[in-house]
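Written below as structure tokens is the structure these notes are about.
Number of protein chains: 2
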Amino acid sequence: MASGKRDQLIDTALDLFCQNGFHATGIDKILEKAGVARMTLYNHFKSKDELILATLRRRDEKFRNWFMRSVERRAASPQERLLAVYDTLQDWFSDAAFSGCMFINASAEFGAPDDPIHLASAEHKVLVLKYLRELATAIGVRHPDELADELMLLMEGAIVMCYVAGDPGAASRARSAAEKLIRSHLKIEAPIAD
Amino acid sequence: MASGKRDQLIDTALDLFCQNGFHATGIDKILEKAGVARMTLYNHFKSKDELILATLRRRDEKFRNWFMRSVERRAASPQERLLAVYDTLQDWFSDAAFSGCMFINASAEFGAPDDPIHLASAEHKVLVLKYLRELATAIGVRHPDELADELMLLMEGAIVMCYVAGDPGAASRARSAAEKLIRSHLKIEAPIAD
DNA sequence: GACGATATAGACCGATCAGTCTATAAATTT
DNA sequence: AAATTTATAGACTGATCGGTCTATATCGTC
Chain S
545 MASGKRDQLI DTALDLFCQN GFHATGIDKI LEKAGVARMT LYNHFKSKDE
595 LILATLRRRD EKFRNWFMRS VERRAASPQE RLLAVYDTLQ DWFSDAAFSG
645 CMFINASAEF GAPDDPIHLA SAEHKVLVLK YLRELATAIG VRHPDELADE
695 LMLLMEGAIV MCYVAGDPGA ASRARSAAEK LIRSHLKIEA PIAD
Chain Z
545 MASGKRDQLI DTALDLFCQN GFHATGIDKI LEKAGVARMT LYNHFKSKDE
595 LILATLRRRD EKFRNWFMRS VERRAASPQE RLLAVYDTLQ DWFSDAAFSG
645 CMFINASAEF GAPDDPIHLA SAEHKVLVLK YLRELATAIG VRHPDELADE
695 LMLLMEGAIV MCYVAGDPGA ASRARSAAEK LIRSHLKIEA PIAD
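Heads up: the protein sequence lines correspond to chains S and Z, in order. Residue numbering for the first sequence follows the numbering used here, beginning at 545 and increasing consecutively. Residue numbering for the second sequence follows the numbering used here, beginning at 545 and increasing consecutively.
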């Protein structure tokens, strides 16, 4: 293992950043909880921002992996999977450690659009959207990307309403709205390919 | 004017908190930009958190006022107004100083659900939702609260996708999704009152 | 056993943090 | 004009910030 300490640092930072935010989490807290020496951190990362970027990359990988697995375990057909997205959201929201979307939170703290941390957050959202596009394409609708965009809005809205407004029912409401939007798109027949 | 300095402090803090975040904005920066002495701040506010709460209250008041005025100026019928919500969002997003939703950002930095700052953010979202409920009720739909919840998800989703993912088209996509959801609700006739 | 890489503890840096205190000076009210 | 409130500049606190440096120690590899 070339970088066991590096992994420890990222995992610990992931916890702390999610719990307490980025600016509010000092390097010292991370070192203490990870049980790692100061210079070990700075041998692996040039700066705190680099550590933040590394945690975002790990979070993106873990989250999307978990998310897609959960959706695909729940349902087999593309249409059912698009709805399973919101059941999976429900699971996420129900987790005691749920602390909102790390990428929305990161964008809040690093607001400059060209900040690497903000850009990494944007990239995560693009990748999630891409997944919805795949599912939407698979159900053979006339405008799959449009449908995916709309379902994405419901997903992000649910995250916000659950986290900020403390509404635990946001996911199921998003689900029923998604049903209506999907139905609406299915009525517009796809043209016969020639 | 009993509190000209107090107002200056709140307005300045509002700018800086939106631009740079809460933790990243030091008291000294606010004092310098506001041109106000240190003790003047602490005579008006017990702590930085109290100042943050005051800025959130002002932001809530200014934003909702602007928002509702804009919606009502744009359209007269409740149904058109529900769609004008998303045109108003578009205006907001197009502002060069757009820096996301201050309340979403505040919740990101003050994540504890019982934190007064988080609670104030939740309250803002509830008040916006209430406004959507009024509009939804006025169009005589069978389940107005349900429709309002769904439109709220689209609104919050648009804010996130525009700010985090940098998608300037989020508002118009939300608008077309809203059309579909409203149409879907209008098909379920309201019962005749007796 | 020797070597090079990796990790260690902890001192140290200048800067900044939120918040307190004091003594003076404006501005309002009476 | 006198009295009271409000604001001022700036020193000061103790804590924390991100980051650097050094000297020692542990580790895997040859």
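The beta-carbon is built from N, C-alpha and C at its ideal position, and this holds for glycine as well. The structure presented is a predicted model; accordingly, all values stated were derived computationally and were not measured.
In this structure, Leu633 of chain S keeps its C-beta atom at 7 Å or more from the C-beta atom of Ala722 of chain S. Lys731 of chain S places its beta carbon 7 Å or farther from that of Ser728 of chain Z.
Of the candidates Z:Ala702, Z:Asn609, Z:Val708, Z:Phe642, Z:Ala702 places its Cα closest to the Cα of Ser720 of chain Z. One alpha carbon belongs to Glu576 of chain Z, the other to Ile683 of chain Z, and they sit about 50 Å apart.
Ile648 of chain Z has a beta carbon lying within less than 7 Å of a beta carbon in chain S. Ile596 of chain Z has its alpha-carbon roughly 27 Å from the corresponding atom of Val629 of chain Z. When the beta-carbon positions are compared, Ile661 of chain S and Ala650 of chain S come within less than 7 Å of each other.
By the criterion of a C-beta distance shorter than 7 Å, Thr681 of chain S is surrounded in its chain by Pro688, once the five residues flanking it on both sides are discounted.
A distance below 6 Å between beta-carbons, with the five flanking residues on each side excluded, links Lys590 of chain S to no residue of its chain.
Relative to Glu678 of chain Z, the option among Z:Ala581, Z:Leu558, Z:Asp693, Z:Ala598 whose CA is nearest is Z:Asp693.
For Arg613 of chain S, not one C-beta of chain Z is nearer than 7 Å to its own C-beta. If you draw a straight line from the Cα of Gly565 of chain S to the Cα of Glu624 of chain S, it is about 35 Å long. Among the CB atoms of chain S, one or more fall inside 7 Å of the CB of Glu653 of chain Z.
Counting along the chain, Val615 of chain Z sits inside the alpha helix (DSSP H) bounded by residues 592 to 618.
Taking 7 Å as the CB threshold, Pro657 of chain S lines the interface with chain Z.
In the three-state reduction of the DSSP assignment, Gly684 of chain S falls in the coil class, being assigned neither a helical nor a strand state. The three-state secondary structure of Ser643 of chain S, taken from DSSP, is coil.
Any Cβ of chain S closer than 7 Å to the Cβ of Leu698 of chain Z would place that residue at the interface, and such an atom is present.
The beta carbon of Ala581 of chain S lies closer than 8 Å to those of Leu575 in the same chain, with the five residues before and after it left out.
In this structure the stretch 665 to 674 of chain Z touches the stretch 642 to 649 of chain Z; the number of beta carbon pairs closer than 8 Å is three or more.
Remark: C-beta atoms of Ala598 of chain Z and Ile554 of chain Z approach each other more closely than 7 Å. If you ignore the 5 residues before and after Cys562 of chain S, its C-beta comes within less than 7 Å of the C-beta of Ser643, Met646, all in its own chain and listed in chain order.
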